[in-house]
């Protein structure tokens with residue numbers, strides 16, 4: 100068994116990247132993406148060779164000139180973006196400059212001679228809300244008061260700054276403006292001095308195609324067919340010099356290509372990412388000059404495309420890649436707090452990755468039900484996973500069927516409830532015992548699905564068909580037909596879970612009779628009373644209940660199949676549905692664990708749910724974790740969970756996850772929301788107009804997290 104990528108070291112993370120892809124199949128007008136930009140509201144904008152797109156995390160909206168919208172843009176070949184503080188998105192194209200009013204949707208166009216050249220290669224809005232435009236014939240700045248542009252050339256800069264082809268604009272941490280050109284070199288405008296500086300020739304082409312400053316204030320420049328450059332002493336013009344990194348033929352650890360399109364820093368792995376003509380190069384800051392190169396072909400590090408034109412780190416520190424031919428790629432390199440383990444039992448000819456049961460015993464060893472292939476144990480000290488056939492105590496057991504449930508008795512015995520194999524009893528140093536229907540009077544069938552040792556040392560055994568008890572005094576009790584208070588009978592029921600509450604009564608989750616409540620003393624069967632909570636009598640909205648949990652406050656929770664989560668109302672004597680109140684989308688709750696902080700953790704069909712419900716339920720908080728957070732899958736198997744010294748385990752079809760809930764608390768940050776559209780009857784209102792607020796009924800309100 101091995102941990103998957105989610106918890107590898109930084110070096111392993113960057114060597115095993117798996118990218119999510121957005122392409123024409125998802126709504127892009129073309130897979131040629133030249134720039135990715137995030138605006139102040141958090142929306143992503145994609146510049147393509149056939150229009151530009153707005154992406155809200157759910158859907159893509161395309162803007163382009165077409166038969167339906169002729170002349171909408173000066174050109175559909177989009178190069179760059181920038182957004183100002185006044186709600187305008189600036190769009191640079193092959194044939195002019197455009198602005199989009201993000202509130203109204205209105206698009207305005209600017210072309211030469213208002214700007215130096217119609218080819219707008221780069222845009223920048225500074226912290227002072229200045230809009231700078233780089234074109235193929237020079238640099239200009241927008242003057243909002245006059246709705247005009249100020250040109251910067253040799254005359255206005257004392258001959259320092261030429262009318263060059265501008266390729267890159269960057270504002271550094273001091274507020275200085277850096278300007279990179281196609282073949283006229285690198286320049287810096289000092290705001291304090293109101294002066295332009297020209298840097299020494301940076302390479303044979305004098306190309307400064309892209310400029311970037313990392314978190315350590317290091318300045319990086321990528322050249323066109325010249326490689327990557329680090330500026331040493333970048334503000335000391337008398338002592339500035341360059342450190343050069345380039346592609347070397349035959350050296351797989353050198354830069355992937357000398358044509359550098361873009362640069363960004365990944366703050367999680369402390370690495371510098373370089374987009375090139377041949378792929379993605381990643382350099383560790385502590386090991387400069389050595390690169391991990393992702394390519395589409397002939398590389399141990401795979402990326403589904405080669406030309407990486409654009410790199411962006413968004414406000415949540417995800418990295419986005421714009422490519423020529425591969426659309427948009429995204430990766431989150433943050434090390435997940437969830438460790439993902441995948442079964443590796445190939446040597447034992449066990450072709451499964453499913454974990455159907457989990458239990459941590461008193462020795463801290465972890466027992467796993469391995470799909471329909473039996474059982475394995477992971478040693479706490481060594482981490483070694485052993486299939487049951489390699490455990491000496493199981494030497495007389497030729498096969499183990501599916502394990503449904505595992506408990507450890509107070510006497511140290513570990514009991515395994517199996518499908519069609521009865522109960523297996525493990526005791527260290529002793530041969531495993533087998534209890535079956537034929538020799539065990541309290542077993543209703545060999546399909547055992549639930550186990551529970553109560554506070555008096557009795558062991559309750561739930562089966563397909565009924566339930567029995569192995570009494571602490573050596574006797575037994577077998578439940579017959581149950582006659583419920585208020586009417587109704589249960590003569591055949593499939594038990595899924597059994598819990599004891601603080602009052603010493605028992606709650607039984609079943610697959611076909613909802614929940615059964617048993618009160619009384621099993622030593623004196625005549626005192627036993629039975630109540631039923633099911634769809635049939637209206638006290639539960641479903642008959643299929645998968646799990647039960649009594650929390651530290653004494654509240655009884657029920658996880659169901661198809662009905663979601665329920666909480667028992669002691670006053671009203673009814674189970675209340677909680678999915679709507681807590682905004683839970685999962686309708687299958689298969690397992691419930693409670694951490695040391697009092698939070699409930701639920702394995703569901705739509706991820707792992709963290710729920711904190713104080714005594715004042717109005718203050719309840721919920722968070723859902725998915726595969727995006729490093730989970731094995733969004734579907735978790737019923738009853739496949741356990742805890743060990745503050746660590747929780749949840750199993751599914753692809754393995755299992757373990758984590759310490761305390762490590763997640765700092766990540767619970769509120770996500771801002773924006774209204775992107777409002778639907779009234781059949782009318783979709785994309786842009787909110789206060790004059791139209793009254794007079795219609797909202798039938799649909801869509802909220803998209805930014």
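Residue numbers (the numbering used here): 100 to 805. Glycine included, every Cβ here is placed at the ideal spot set by N, Cα and C. Source: prediction; values computed, not measured.
Straight-line Cα distance separating residue 470 from residue 447: Looking up residue 447 in the chain shown gives position 348. Looking up residue 470 in the chain shown gives position 371. Taking the straight line from one Cα to the other gives about 14 Å.
In whole angstroms, what separates the C-alpha of residue 156 from that of residue 183? Within the chain shown, the letter at position 57 stands for residue 156. Within the chain shown, the letter at position 84 stands for residue 183. Going from the Cα of residue 156 to the Cα of residue 183 covers about 22 Å.
Applying the criterion that 16 or more other CB atoms from any shown protein chain within 10 Å of the CB defines a buried residue, is residue 774 buried or exposed? Residue mapping note: residue 774 aligns to position 675 of the chain shown, counting from 1. So residue 774 counts as exposed.
If you run the structure through DSSP and keep just helix, strand and coil, what is residue 740? As a working mapping, residue 740 is identified with position 641 in the chain shown. Reduced to three states, the DSSP call for residue 740 is strand.
Excluding the 5 residues preceding and the 5 following residue 555 in the sequence, name in chain order all residues of the same chain whose CB lies nearer than 8 Å to its CB. Residue mapping note: residue 555 aligns to position 456 of the chain shown, counting from 1. Only 571 meet the Cβ criterion.
Please report how far the alpha carbon of residue 575 lies from the alpha carbon of residue 566, in whole angstroms. By 1-based counting over the chain shown, the position of residue 575 is 476. By 1-based counting over the chain shown, the position of residue 566 is 467. The straight-line gap from Cα to Cα measures roughly 11 Å.
The alpha helix (DSSP H) that contains residue 634, what's its start and end? Residue 634 sits at position 535 when you count from the first residue of the chain shown. Here residue 634 belongs to no alpha helix (DSSP H), and DSSP marks it neither H nor E.
Assuming residue 598 and residue 673 are in contact, meaning their beta carbons sit under 8 Å apart, how far apart are those beta carbons, in whole angstroms? Here residue 598 refers to the residue found at position 499 when the chain shown is read from its first residue. Here residue 673 refers to the residue found at position 574 when the chain shown is read from its first residue. Not quite, the Cβ-Cβ distance comes to about 18 Å (not below 8 Å), so this is no contact.
Would you decide whether residue 311 is buried or exposed? Buried here means 16 or more other CB atoms lie within 10 Å of its CB. Numbered from its first residue, the chain shown carries residue 311 at position 212. Classification for residue 311: buried.
Measure how close the beta-carbons of residue 221 and residue 177 come, nearest whole angstrom, since I'm counting them as under 8 Å. Working through the chain shown from its first residue, we reach residue 221 at position 122. Working through the chain shown from its first residue, we reach residue 177 at position 78. At roughly 12 Å, the Cβ-Cβ gap does not stay under 8 Å, so residue 221 and residue 177 are not in contact.
Nearest-angstrom Cα separation, counted from residue 699 out to residue 588: In the chain shown, residue 588 corresponds to position 489, counting from 1. In the chain shown, residue 699 corresponds to position 600, counting from 1. Distance between the alpha carbons of residue 588 and residue 699 is about 33 Å.
Fully enclosed by the region 242-310, which beta strand (DSSP E) runs are 3 residues long or longer? DSSP assignment within the region 242-310 yields the following whole beta strand (DSSP E) runs of 3 residues or more, N-terminal first: 247-251, 265-270, 276-280, 285-289, 294-297.
In angstroms, rounded to a whole number, what distance separates the CA positions of residue 581 and residue 663? Along the chain shown, read from residue 1 onward, the residue named residue 581 stands at position 482. Along the chain shown, read from residue 1 onward, the residue named residue 663 stands at position 564. Going by the C-alpha atoms only, they are around 26 Å apart.
Helix, strand or coil at residue 452 [DSSP, three-state]: The residue given as residue 452 occupies position 353 in the chain shown. Residue state, collapsed to three classes: coil.
Local Cβ density within 10 Å of residue 430, reported as buried at 16 or more and exposed below that: Position 331 of the chain shown, counted from the first residue, corresponds to residue 430. Counting Cβ neighbours within 10 Å, residue 430 comes out buried, since at least 16 surround it.
Same chain, Cβ closer than 8 Å to residue 628, five either side skipped, listed in chain order: Residue mapping note: residue 628 aligns to position 529 of the chain shown, counting from 1. Result list for residue 628: 584, 617, 618, 619, in chain order.
Please report the straight-line C-alpha distance between residue 247 and residue 193, rounded to a whole angstrom. Position 148 of the chain shown, counting from 1, holds the residue named residue 247. Position 94 of the chain shown, counting from 1, holds the residue named residue 193. One C-alpha to the other measures close to 20 Å.
Using a Cβ-Cβ cutoff of less than 6 Å, which residues in the same chain neighbour residue 159 once the five nearest sequence positions on both sides are dropped? The residue given as residue 159 occupies position 60 in the chain shown. Excluding sequence neighbours, residue 159 sits near 126, 152.
Residue 755 - partner residues in DSSP beta bridges: As a first step, residue 755 is located in the chain shown; it is residue number 656 there, counting from the start. DSSP output for residue 755 lists 440, 750 as bridge partner(s).
Residues that DSSP places opposite residue 323 in a beta bridge: The residue you call residue 323 lines up with position 224 of the chain shown. None, per the DSSP bridge assignment.
Residue 194 lies in the alpha helix (DSSP H); which residues open and close that run? Sequence index remark: in the chain shown, residue 194 carries index 95 (1-based). Per DSSP, residue 194 lies in no alpha helix (DSSP H) segment and is marked neither H nor E.
Do the region 420-437 and the region 484-491 touch if we need at least three Cβ pairs shorter than 8 Å? Contact fails: fewer than three Cβ-Cβ distances are below 8 Å.
To the nearest angstrom, report how far apart residue 116 and residue 432 are at their CA atoms. Mapped onto the chain shown, residue 116 falls at position 17. Mapped onto the chain shown, residue 432 falls at position 333. Whole-angstrom Cα-Cα distance: 8 Å.
Counting only runs that start and end within the region 570-649, where is the beta strand (DSSP E) found for 3 or more residues in a row? The region 570-649 contains these whole beta strand (DSSP E) runs: 575-577, 594-599, 605-609, 614-618, 628-632, 644-649.
Among the residues of its own chain, which have a CB less than 6 Å from the CB of residue 118, if the five just before and after it don't count? As a first step, residue 118 is located in the chain shown; it is residue number 19 there, counting from the start. Excluding residues within five positions, the ones whose Cβ falls inside 6 Å are 428, 430.
Taking 9 Å as the cut-off, decide whether the C-beta atoms of residue 548 and residue 595 are in contact. On the chain shown, position 449 is the one that residue 548 refers to. On the chain shown, position 496 is the one that residue 595 refers to. For residue 548 and residue 595, yes; Cβs fall inside 9 Å.
Between the C-alpha atoms of residue 234 and residue 340, what's the straight-line distance to the nearest angstrom? Residue mapping note: residue 234 aligns to position 135 of the chain shown, counting from 1. Residue mapping note: residue 340 aligns to position 241 of the chain shown, counting from 1. In a straight line, the C-alpha of residue 234 is about 28 Å away from that of residue 340.
Kindly indicate which residue of 683, 326, 210 has the alpha-carbon position closest to the one of residue 720. The count along the chain shown starts at 1 and reaches residue 720 at position 621. For residue 720, the nearest C-alpha among the options comes from 683.
Starting from the C-beta of residue 452, find all residues in its chain whose C-beta is less than 8 Å away, skip the five residues before and the five after it, and write them out in chain order. Locating residue 452 in the chain shown gives position 353, where the first residue counts as 1. Result list for residue 452: 441, 442, 470, 752, 753, 754, in chain order.
Can you grab the Cα-Cα spacing for the pair residue 536 / residue 456, in whole Å? As a first step, residue 536 is located in the chain shown; it is residue number 437 there, counting from the start. As a first step, residue 456 is located in the chain shown; it is residue number 357 there, counting from the start. Their Cα atoms are separated by approximately 22 Å.
Can you tell me where the beta strand (DSSP E) with residue 681 in it begins and where it stops? As a first step, residue 681 must be located in the chain shown, where it is residue number 582. First-last for residue 681: 678-681, but that is the alpha helix (DSSP H), not the beta strand (DSSP E).
Exposed or buried, residue 272, counting other C-beta atoms within 10 Å across all chains shown (16 or more means buried)? Here residue 272 refers to the residue found at position 173 when the chain shown is read from its first residue. Exposed.
In DSSP terms, what residue 340 is bridged to: Translated into the one-based positions of the chain shown, residue 340 becomes position 241. DSSP output for residue 340 lists 331 as bridge partner(s).
C-alpha distance - residue 148 paired with residue 467, whole-angstrom precision: Position 49 of the chain shown, counting from 1, holds the residue named residue 148. Position 368 of the chain shown, counting from 1, holds the residue named residue 467. Cα to Cα, the separation comes out at about 52 Å.
Using C-beta distances below 7 Å, list every residue in its chain close to residue 102, excluding the 5 sequence neighbours before and after it, in chain order. Taking the chain shown and counting its residues from 1, the one referred to as residue 102 is at position 3. At residue 102 the pLDDT is 38, less than 50, meaning the model places this residue with poor confidence and gives no usable figure here.
Below 6 Å CB to CB, which residues in the same chain sit around residue 532 once its five sequence neighbours on both sides are set aside? Numbered from its first residue, the chain shown carries residue 532 at position 433. These residues qualify, in order along the chain: 524.
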